[in-house]
Each structure stands twice: as C-alpha cells, then as structure tokens.
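Data block below; observations after.
Residue numbers (our numbering): 87 to 273.
Pasting the structure below:
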C-alpha cells in the first residue's frame, strides 16, 4: 500500500505542477476533479473469444486472462450523485499447469479500461484507464484519461488523474477514490 500511495502522490504532484502549463498551452481551463464510488464487482469473464476481441493491446510478456466488470455509486465534483460502470483487461504471465496445459497466472496488473460516469442530470462522462496494478492486500491504482464522446457538458471532456481503491473478494465489492483534473472545452 505504501508503494501505491507513493506513486499516487508523485502522480498528483506532477499533475498539479503541469496543470497550469497544459491549461495555458491548449487554451483549456483545467478544473479539479474528485470522486468516490463503491459497489459490486460484477465478475470476471474468462471466455477466450471475448478476451481476444476486447483485449487487443496486451503488454509485452503478458497475456489477458479475464475481463473484469464493475458498477458503483457515489459522488463526483461536476457531476453530483453519480453512477459508474467500468471494465478492463486483467493480465498475467503465460505458463503451463501441472498437467502441461497452457494457463495464465494472474499478477494483479490490468489495463485497457473503459469507464462511464453518469451524472445526476444524466450527462455521461467517458474515460479510459491503464497502467493498473494491485498489491497482495487487493489495493489498486491506475491512471485515467477523460475522452471526448460523452453527452451534455461532457461531450468534449479532457483531463487526467489517478484512481485508487480496494477490492473485497469476501463480498465482491470495491471502493474507489478518483482525483485529477478536467476540462469541458474542445482541445
């Protein structure tokens, strides 16, 4: 958890110091964005056909073993009471089991994430997330980027930040804190 906290703090400080530069560069006004959500882990799809179609950019030396799905509720700045739906590719190392059959050993890394925030008024904010890692206590962290294609005031969203949270596989729930910056204007 300390390593994740150190990485998150470094990323937030870098975002803070580059915000004014990037805002001036593109004529965008980057605003703080914070959110927290909790909800169920909906499951892991291990269907190889679906994984091959969805997980097209797997890091070198790794393989995708599942697609993870989440749904949560909480609050976000600029969105109020909100819900989220997310999914990502879970990675691991390819190997063979004790019977010589090919298997993938999950290593806690993930990426190629897609997330959709629905604001209190129904506006949709879209983001991608990548470079995810979880530790042995099931704490996780990744980097997200807001993308165009949402609705309402989020139609031309941009920005970035970090997500940090934990999963409880005892009751298949998660909690997440999101921190970053957002702009509503076209790039």
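For each residue, glycine too, the CB sits at the ideal point set by N, CA and C.
Contacting residues, own chain, Cβ-Cβ under 6 Å from residue i (five flanking each side not counted)
{"i": "residue 144", "result": "150"}
Exposure label - residue i; buried when at least 16 CB within 10 Å
{"i": "residue 249", "result": "buried"}
{"i": "residue 247", "result": "buried"}
{"i": "residue 182", "result": "exposed"}
{"i": "residue 213", "result": "buried"}
{"i": "residue 229", "result": "buried"}
{"i": "residue 238", "result": "exposed"}
{"i": "residue 152", "result": "buried"}
{"i": "residue 186", "result": "exposed"}
Close beta carbons around residue i, own chain, < 7 Å, minus the five adjacent residues each side
{"i": "residue 129", "result": "155"}
{"i": "residue 242", "result": "234, 270, 271, 272"}
Cβ pair residue i, residue j closer than 8 Å
{"i": "residue 240", "j": "residue 210", "result": "yes"}
{"i": "residue 264", "j": "residue 124", "result": "no"}
{"i": "residue 193", "j": "residue 177", "result": "yes"}
{"i": "residue 260", "j": "residue 127", "result": "yes"}
{"i": "residue 173", "j": "residue 197", "result": "no"}
{"i": "residue 195", "j": "residue 157", "result": "no"}
{"i": "residue 119", "j": "residue 163", "result": "yes"}
{"i": "residue 268", "j": "residue 236", "result": "no"}
Neighbourhood of residue i by C-beta distance below 8 Å, restricted to the same chain and skipping five residues each side
{"i": "residue 255", "result": "127, 224"}
{"i": "residue 179", "result": "147, 148, 149, 190, 191, 193"}
{"i": "residue 141", "result": "150, 153, 175, 198"}
Residues that residue i bridges to, as DSSP identifies them
{"i": "residue 259", "result": "126, 254"}
{"i": "residue 175", "result": "153, 197"}
{"i": "residue 180", "result": "190"}
{"i": "residue 247", "result": "230, 266"}
Heavy atom of the ligand SAH within 7 Å of residue i beta-carbon
{"i": "residue 203", "result": "Ligands are entirely absent from the displayed structure, and the ligand SAH is therefore not among its contents."}
Open item on the list: Three Cβ pairs or more, each shorter than 8 Å: is that satisfied between the segment 155–172 and the segment 190–209?
Closed with: yes
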